[in-house]
Amino acid sequence: MSEIPGDLKYAKSHEWVRREDDGRITIGITDHAQEELGDLVYVELPELERELTATEDMAVVESVKAASDLYSPVTGRVVEVNQALADTPELINSDPYGEGWILRLQPAADADFEALLDSEAYEAVAAAGDG
Amino acid sequence: MNRRTALYELHVAWGAKMVPFAGWDMPLHYGSQISEHHVVRRGAGLFDVSHMAVVDIAGADARSFLRQLLANDVAKLEHPGQALYSCMLNEEAGIIDDLIAYLRPGGRYRLVMNAGNRERDLAWLRTRVAGHDVQIRERRNLAILALQGPGAEKILSQVLDASLGVAGAKLAPFCGVWKGEWLVARTGYTGEDGFELILPNAAALELATGFCDAGAVPVGLGARDTLRLEAALNLHGSDMDESLNPLETGLGWTVAWEPEARDFIGRSALSAYRERGAIWRRAGLVMDGPGIPRGGQLVHFSNGGQGVVTSGGFSPTLGKGIALARIPVGCAGVETAEIEIRGRRVAAHRIRPPFVARGTGLQGAEVVA
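Chains D and C are the protein sequences, given in the same order.
Okay, so the first sequence: first residue is 0 according to numbering that gives the first Met the number 0, each after it adds one.
Okay, so the second sequence: first residue is 0 according to numbering that gives the first Met the number 0, each after it adds one.
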């Protein structure tokens, strides 16, 4: 069973979202998603300052198996990307909720965040995907 | 309900991620596909490939039947256990499947074919058998294990019973030895030294456990694909299919043109294609820029020529993206190319396949530690 921390929010498309103290939003992919993808070998990150709309493509992760789009769970502006992933994309496999974070957004509104899934609701989504 | 190999429970116990593949439940990996890949390049990996189709060809006309059915010539097989890689072509010289034919004692043969083409292959063989004294028998009670890597020979000789172990370790590439229902052959699909073993299902569990107790590591189908891609071994359904002939897919060397009188199926179409002048050829590409090439992506050349990636992926040995591609013959002299990955053109350069052989990157391609 994959790990689904209770203090994060989630999107149905398997991204996790954490609101930081400064109001910014950190985004990554869930443990369940990295398990499904297999070994990650390449990550394509967006330009800084890019404006993203909720559910818009924000990045691409490539595993040994295939390329997968990641979708922005909220509307906002890209303020930071995880440069470490350029050389060590496997951080997403080894530490999906920590060192393997993908990017940070300055969100346009709080409402998007509140509308995301809690861990229990996401667990149901992940379990359904396994079926 | 998918079919299961004799080792299904063992895969699950070993922690495999099981996936559906050509109607079977097969192990994709046991944790990390990349570490399994490295194990085969550096030590010894054990694959369960029992999903592949095993078809025995017997009867007085077995030899002449296969000399007609296969583009390579089984007349080259002189000793029981010897193996031949061949394409089976349709009348238009399109590749129905690629396979390995083994000579069995008594002038019989065994074909090992792709799992995904099982029904198509059997139907084709059965359509063509009319007028031949040939029996075609699909074997469903056999397991196939592949023990691959520089450490394979030592493990094989330790684990097999003395006579088979000694004979197996002495085999030259593409040779094999039979013992009753068992076949041990020095063949594989990884670009490394290694063996493929065909044996009764009932004996598979003990043998697989024995290999792993002796130091082999289970390897899934995921790593099998990256290993074969580095070794530039074609995958049917990706790098070749019924719309492409052996000359277009880098398999011209597998076509036995001599003796001229041997009229194998597809010969006249293939001769005509050769005389008209080839249009496509196979090429190997290594990425210089970021990104991983994938099948179906376009390859652009500076002279305006355009090809297509047939298989692409990440090479764990080289630490970068590699691809097999089908390119216009007119681009054969162009050393660099751009692969179109999600709308962006990324630089790549041509190499003469394979990318990696016996653990080593070729053409000065740097191997990552």
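C-beta: ideal position from N, C-alpha, C; glycine also.
- For isoleucine 264/C, the secondary structure class from DSSP, reduced to helix, strand or coil, is coil.
- Contact check for glycine 311/C against proline 289/C fails: the beta carbons are separated by 7 Å or more.
- Closest in C-alpha terms to alanine 271/C, from the list Glu90/C, Ser31/C, Leu83/C, Phe300/C, comes Glu90/C.
- Exclusion of the five residues before and after aspartate 68/D leaves Asp56, Val59 as the residues of its chain whose Cβ lies within less than 7 Å of its Cβ.
- Close to threonine 225/C, with beta-carbon spacing below 9 Å, are these residues of chain D in chain order: Val63.
- Within the same chain, and ignoring the five residues on either side of valine 218/C in sequence, the residues whose Cβ sits closer than 7 Å to its Cβ are Glu35, Val38, Val39, Gly44, Leu45, Phe46.
- Around the C-beta of methionine 0/C, fewer than 16 other C-beta atoms lie within 10 Å, and the residue is accordingly described as exposed.
- Proline 88/D carries a coil assignment under DSSP once its states are collapsed to helix, strand and coil.
- Serine 85/C and leucine 98/C do touch by the CB rule: their CB atoms are close to 6 Å apart, below 8 Å.
- In chain C, no part has a C-beta under 9 Å from the C-beta of alanine 32/D; the shortest such distance is about 14 Å.
- Under the 7 Å criterion on CB atoms, phenylalanine 313/C is classed as interfacial with respect to chain D.
- Glycine 37/D belongs to the set of residues whose beta carbon lies under 7 Å from a beta carbon in chain C.
- Secondary structure at isoleucine 101/D: coil, using DSSP grouped into helix, strand and coil.
- Distance between phenylalanine 20/C and leucine 47/D, taken at the CA atoms: about 41 Å.
- Under the three-pair Cβ rule at 8 Å, the segment 251-264 of chain C counts as touching the segment 65-74 of chain C.
- Under the three-state reduction of DSSP output, histidine 28/C falls in the strand class.
- Here threonine 253/C carries a helix assignment [DSSP, helix/strand/coil].
- Per DSSP, arginine 3/C lies in no alpha helix (DSSP H) and is assigned neither H nor E.
- Within chain D, no C-beta atom comes less than 7 Å from the C-beta of arginine 344/C; the nearest is roughly 14 Å away.
- Using a Cβ distance threshold of 7 Å, glutamate 180/C and proline 149/C do not count as a contacting pair.
- For tyrosine 70/D, the nearest beta carbon of chain C is not closer than 7 Å to its own beta carbon.
- Contact annotation: tyrosine 188/C and arginine 125/C have beta-carbon atoms that are not nearer than 7 Å.
- Note on the segment 35-109 of chain C: whole beta strand (DSSP E) runs with a minimum of 3 residues are 44-47, 52-57, 82-88, 94-103, in chain order.
- For a Cβ distance threshold of 7 Å, residue set Asp38, Val63 of chain D lies close to isoleucine 33/C, ordered along the chain.
- With 16 or more other CB atoms across the displayed protein chains lying within 10 angstroms of its CB, aspartate 30/D is buried.
- Here histidine 13/D is not bridged, per DSSP, to any residue.
- When the five nearest sequence neighbours on each side are left out, no beta carbon in the same chain lies closer than 7 Å to the beta carbon of serine 31/C.
- If you check each beta-carbon in the segment 5-30 of chain C against every beta-carbon of chain D, the ones closer than 7 Å belong to His28.
- Here the alpha carbons of glycine 342/C and histidine 299/C stand approximately 12 Å from one another.
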